[in-house]
Amino acid sequence: MPIQIIVEKCTGCTLCVKVCPFDAIRMVDKKGLTCSGKQAGLTCSGRQAVIDLNKCTLCGACVPACKLKAVVLEKEDKSAPNPSLKDYKGIWVFIEQKNGKIQSVSYELLSKAKELAKKLSCAVSGVLIGNDLDEHLDELIWHGADNIYLVEAPQITNFQDEPYANILIKLIQKYKPEILLCGATAIGRSLISRVAITVKAGLTADCTELDIDPGRKILLQTRPAFGGNIMATIISPNYRPQMATVRHKVMPIMPPDKNRKGKIIRESFNSSVYASRAKLLDIVEEIETLVNLSEADIIVSGGRGMNGAKNFKLLEELAHVLGAAVGASRAAVDSDWMPYSHQVGQTGRTVAPKLYIACGISGQIQHLVGMQSSKIILAINKDPDAPIFKVATYGIVGDIFEIIPALTKKFKEILKK
Amino acid sequence: MDYLLSDEQKMIKELAHKIAEEKIRPVAAKYDRSEEYPWDIIKIIAEADLFGLFIPEEYGGLSVNVLNLCLATEELSRACGGIAVCYAASALGTFPIVLFGNEEQKKKYLPDLAKGKKVAAFAITEPEAGSDASAIKTTAKKEGDYYILNGLKHFITNGGDAQVYILIAMTDKTKGARGASAFIIEKGTPGFTFGKKEDKFGIRASSTCELIFTDCKIPKENLLSKEGMGFIVTMKTFDMSRPGVAAQALGIAQGALELAVKYAKERNQFGKSISSFQGIQWMLADMATEIEAARALVYSTARMVDAGIKDVAKESAMAKMFASDVAMKVAVDSLQIFGGYGYMRDYPIEKYVRDAKITQIYEGTNQIQRNIIALQLIKEMAK
Amino acid sequence: MNIIICIKQVPETTEVRINPETNTLIREGVKSIINPFDMYAIEEGMRLKEKFGGKTTVITMGPPQAEAALREAISMGIDEAILLSDRAFAGSDTWATSYTLSCAIKKISQFDVIICGKQASDGDTAQVGPGIAAHLDLPQVTYVKKIEEITDKKMRLERLMEEGFEIIETPLPVLLTVVKEINEPRLPSLKGMIRAKQAKIIAWDASDIQAEPSSIGLNGSPTQVVKIFTPAPRKSGQIFQGDTQGVVEKIAELLKKDILS
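Chains as they are written, first to last, in the numbering used here: chain H, 38 to 454; chain E, 713 to 1095; chain W, 86 to 346.
Pasting the structure below:
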């Protein structure tokens, strides 16, 4: 039984019932069984929780909810640990390049990998696939790579799912890394999923924290779930490599050490490995006149309180002064004041800038899940009870149409200096 | 109140509710300002099969059921009475064909109306013939295999945008009330043009305009039923559609009440939510009770019509009169609860007041409805 | 054209919130819905069928109540629905889930396109789609924002990237994951809802799809959850009110170093 309620511990307090996202727990009469709650000075309600295994997905949300630790979830794999695990050593980072340019998330991951490698006493290697990439190798080594596995050929200049997956799988099978990290980008996520399935490895997406378990020397992968309402720590103890993707701007980049030296290992494969059934016909770049939302360090965002498309001009001016991107809540997008590409929230983009300025946004949960990981939130709203103020680092209660121009003017002054 | 709706009726309500909340509510203010005909919403309503609620299955509909039509109209009206009336008025223009059309006419027009590819309109009102419908002057003169139409209709809902029109015209002035006939006429027929589109106080998403007939020639196949049946077609049609107007009023009232309750909860004065003030609570209680009473009247009348009960004129008039009076009162009271904000067009409630007013006027003014009820009462008592 | 759409029933996340006192999830009568991204997959499947003819099949792996999601898909116009349900599937991570779905798809055998939503709103991993493609050794195109055309067993489509999009041509059969830019999902129709109510849902368990016991459920999942916790809630900070200029000065001072960097 993978999950059970320890009857003697359960006082029927219903905390677990309230927490279950799948409505899988209900209360039944204890039928005279006592509970240890009495001894702890707690009142036994005479009822106990029962989990409906038909509804339960073993997500584990009930476990921490129970204050009496009456819910036990057995997630440990009973099969014997795989003896060949010892053969896997080293931390790999998939280095993402687009049009010959290394994506900054790769540097962030190299920095993290270096930190993790210290705890495992192993090397950090970058895996770089493409064509004509020699000029980048030093930079990668300076940022933490001890080795770089380099696979180059004209057919694989640009990313395509199958050839890149084939190559990465072959490298993994040959060199056996214990950990593989990759950016949670459009490329990274589809590539790594395919690789993980083929080599049968555990893969955790969008990790916000990575660490090494000191006892078991395995990777602890922490990520949000249910729209960020809960965090889960995940391990892949019996399969290798342990794989994780991390979003851009989550891990900090360490400054490069230009004294570092590293080894370049060039690999090449049979052209059938580079073959792709899907063909990349063209890459079309769309240059946004306003700064790309997911890259922006500062976002100025408008909601229902903006009262009209023309008022977004005020936000655009503020954004221009700050070098920021402009975002919008769903209410503003639904009213046709801003295009959908600017929507932040559960059905739009998730952003985590350094500074998020929410103007005339009430702060409904659907919006919050899209921006609550922002480092600093400045909320401006005329309603002092707006939910956004509960999560804002700084809040201004007032008229956005007075405050925003004043802020624009003030920031302009500051930045001129 | 639980009206013990069938599963299918619950589905209709749920689906119309979804359309109202997801598709209509976000654009209601926009259409109110622009007065554009909401073709994209009509398309969504059509794809949901709601036009099938007043068209038999063999012609592409689901079944003819007035209660179903009321449920759908009520839910759509909660979000916008103007957009909802575009749908309900098409029902009004379709019923004559359903009730009196011959096989060819039904086959020709009903499938497109069921798909929402075309919408219909009913044209009886003229500048000199409002409440006094028998005073219509538009003529239809038989000439060989054709009728020649001359005259002017005005205040026609869906006018200008609808493709299919039911026209009531005099074929024989000497016969008085028995001298009117009903015709089907399509937009684009030579001699059939549209006059001005009215600039209305409310239900601005719907189009209301003049129909002008100048020696307009239509084939005799377009006559509905027989010559002289014009007013009978009209009365029978109104019997089916009147609960729908009542449902529109009901939806407006319900929508206004919901806005008022929500606002009352959020608005704080004197340190607390205004919903905790007894004065506001009593207003809300009265509004909710009146709406429920109106709803009971509307649903019961619709059920009677669907059951085939012959004489529903009195109940139909009661439902329409009461629901529309309730809508007006509830809308005004809801605006009052919004206070100063209610008066601002930025807030959605003032539109409900403007939309509610017409329900007391069209499809027979509430004064005419009272005449109908009183006359019926007296007739019954005289037995 | 035979189109298979994989969907997942998820709790409506907007309704799941944190109780600030106990710091746990509160779920008050949370509805289960079709994963939002899967609605776009269903719609695209419907459009392909409307354009090219054929059959649409929707498939989900879940507990018995996931049947409601399948019926909702039928009410939108999907032809056939399959529920993969078995206690043995519980505890599946994305490896086991994609394995299970691919076993079912192998059993269906005839398909030209498999469509998945980009990711599920509860797990957010975006792994199952590519996972199925890997298990079945199919070409995959993720983040599809537009299917431009299909000619001669080849599909040309647009794939959304961070700074624009790619134009990709892929042979059929193929697995696609779709993003919201691709279409606007239709509402159910009344006729669809009536059909959905009466529809017979095909139910398969692990033995029906010949799934290896070691590859499904907890046993088939390389990843394990060791801890679930609620993140420290964001605390509300300082609130300013009053004279505009004064407030602006204070805020500018507090944010100065962040905006200058």
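Yeah, the Cβ is synthetic: ideal placement off N, Cα and C, and Gly gets one too.
Among the options, nearest to residue i - alpha-carbon criterion
i       : options                          : result
W/N268  : W/I92, W/I119, W/M124, W/I88     : W/M124
H/G239  : H/I255, H/L317, H/L405           : H/I255
E/N870  : E/E1027, E/C798, E/N777, E/D752  : E/C798
H/Q134  : H/K156, H/N168, H/A312           : H/N168
H/W429  : W/F325, W/Q330, W/G331           : It should be pointed out that residue 429 of chain H corresponds to Ala in this sequence rather than to Trp. Answer by Cα proximity: W/F325.
E/V945  : E/Y1059, E/E970, E/D844, E/F812  : E/F812
E/F925  : E/Y1055, E/K819, E/T851, E/S1046 : E/T851
E/P768  : E/C782, E/L822, E/P808, E/I731   : E/L822
W/F174  : W/M161, W/M146, W/R156           : W/M146
W/I301  : W/Q150, W/I199, W/R172           : W/R172
H/K286  : H/D319, H/S158, H/E332           : H/E332
E/G1051 : E/A1019, E/I1021, E/S987         : E/S987
E/I1003 : E/A961, E/Q993, E/Q990           : E/A961
W/P215  : W/Q225, W/D209, W/V198, W/S206   : W/Q225
H/V56   : H/I320, H/C103, H/Q41            : H/C103
E/E720  : E/A784, E/I756, E/D744, E/P738   : E/A784
E/F867  : E/T886, E/K908, E/I896, E/F904   : E/K908
W/Q195  : W/V311, W/K203, W/L257           : W/L257
H/K211  : H/R277, H/Q41, H/K156            : H/R277
Through-space distance from residue j to residue i, alpha-carbon basis
i       : j       : result
W/N176  : H/M64   : Note that residue 176 of chain W is Gly in the sequence shown here, rather than Asn. The straight-line gap from Cα to Cα measures roughly 23 Å.
W/E341  : W/F314  : In the sequence as presented, Glu is not what sits at residue 341 of chain W; that position holds Lys. Distance between the alpha carbons of W/K341 and W/F314: 34 Å.
E/A1086 : E/N1078 : 12 Å
E/P902  : E/I860  : 11 Å
E/A965  : E/E747  : 22 Å
E/D927  : E/M882  : 14 Å
H/N275  : H/L122  : 7 Å
H/V87   : H/G49   : 10 Å
H/G382  : H/Q403  : 6 Å
E/K853  : E/Q1048 : 53 Å
H/E304  : W/I235  : 37 Å
H/K213  : H/I224  : 22 Å
H/L392  : E/F766  : 56 Å
H/T326  : W/T262  : Confidence is the limiting factor: at H/T326 the pLDDT is only 45, short of 50, which leaves the residue's position unreliable and the question unanswerable from this model.
H/K46   : H/A107  : 5 Å
E/I756  : H/R84   : 49 Å
H/I234  : E/A874  : 57 Å
E/D884  : E/K849  : 11 Å
E/D1037 : H/G340  : 37 Å
E/R1082 : E/A892  : 25 Å
E/K1041 : W/L169  : 54 Å
E/L774  : E/M1033 : 29 Å
Cβ-Cβ separation, residue j to residue i (assumed contact under 8 Å), whole Å
i      : j      : result
H/P390 : H/I335 : 6 Å
W/I127 : W/V143 : 7 Å
H/D243 : H/T282 : 6 Å
W/P307 : H/K237 : 6 Å
H/V370 : H/L352 : Not really, about 14 Å apart at Cβ, beyond 8 Å.
E/L923 : E/F950 : About 19 Å separates the two Cβ atoms, so there is no contact after all.
H/L228 : W/I253 : About 14 Å separates the two Cβ atoms, so there is no contact after all.
H/V164 : H/L218 : Rounded, the Cβ-Cβ distance is 10 Å, inconsistent with contact.
| task | Could you tell me whether the stretch 913-930 of chain E touches the stretch 782-797 of chain E, where touching means 3 or more Cβ pairs closer than 8 Å? | result | Because the criterion of three Cβ pairs below 8 Å is met, the stretch 913-930 of chain E and the stretch 782-797 of chain E touch.
| said: Whether or not the stretch 853-868 of chain E and the stretch 923-939 of chain E are in contact is what I'm after, with contact meaning three or more pairs of Cβ atoms, one per stretch, closer than 8 Å; do they touch? | reply: As far as the Cβ criterion goes, the stretch 923-939 of chain E touches the stretch 853-868 of chain E, which means the pair count is three or higher.
(message) If we require 4 or more residues per run, which alpha helix (DSSP H) segments fall completely within the stretch 754-829 of chain E?
(response) With a minimum length of 4 residues, the unbroken runs of alpha helix (DSSP H) contained wholly in the stretch 754-829 of chain E fall at 778-791, 793-812, 815-827.
| task | Counting only runs of 3+ residues fully inside the stretch 259-328 of chain W, write out the beta strand (DSSP E) ranges in chain order. | result | If you keep only unbroken beta strand (DSSP E) runs of at least 3 residues inside the stretch 259-328 of chain W, you get 259-263, 287-289, 309-314, 323-326.
*3-residue-minimum beta strand (DSSP E) runs that sit fully inside the stretch 230-271 of chain H, ordered along the chain*: Listed in chain order, the complete beta strand (DSSP E) runs (minimum 3 residues) inside the stretch 230-271 of chain H are 240-244, 246-249, 256-262.
**Request:** Mind listing, in chain order, the continuous alpha helix (DSSP H) runs of no fewer than 4 residues lying wholly within the stretch 184-262 of chain W?
**Result:** DSSP runs (the alpha helix (DSSP H)) wholly in the stretch 184-262 of chain W: 213-221.
- Task: State whether the stretch 271-282 of chain W contacts the stretch 720-736 of chain E, with contact taken as three or more CB pairs (one from each stretch) at a distance under 8 Å.
- Result: Short answer: they touch.
With a threshold of 8 Å, are at least 3 pairs of Cβ atoms found where one atom belongs to the stretch 774-791 of chain E and the other to the stretch 997-1016 of chain E?
Counting Cβ pairs under 8 Å, three or more are found: they touch.
- Jot down the residue ranges of each uninterrupted beta strand (DSSP E) in the stretch 121-199 of chain H, minimum 3 residues, whole runs only, in chain order. Within the stretch 121-199 of chain H, the complete beta strand (DSSP E) runs of at least 3 residues are 128-132, 161-167, 184-189.
Query raised in the report: Does the stretch 311-322 of chain H come within contact of the stretch 190-202 of chain H, defined as at least 3 CB pairs closer than 8 Å?
Result: The stretch 311-322 of chain H is in contact with the stretch 190-202 of chain H.
Notebook entry, point to check: Is it true that the stretch 239-248 of chain W meets the stretch 178-186 of chain W, where meeting means three or more beta-carbon pairs spaced less than 8 Å apart?
Noted result: No: the two stretches stay apart, fewer than three of their Cβ pairs being nearer than 8 Å.
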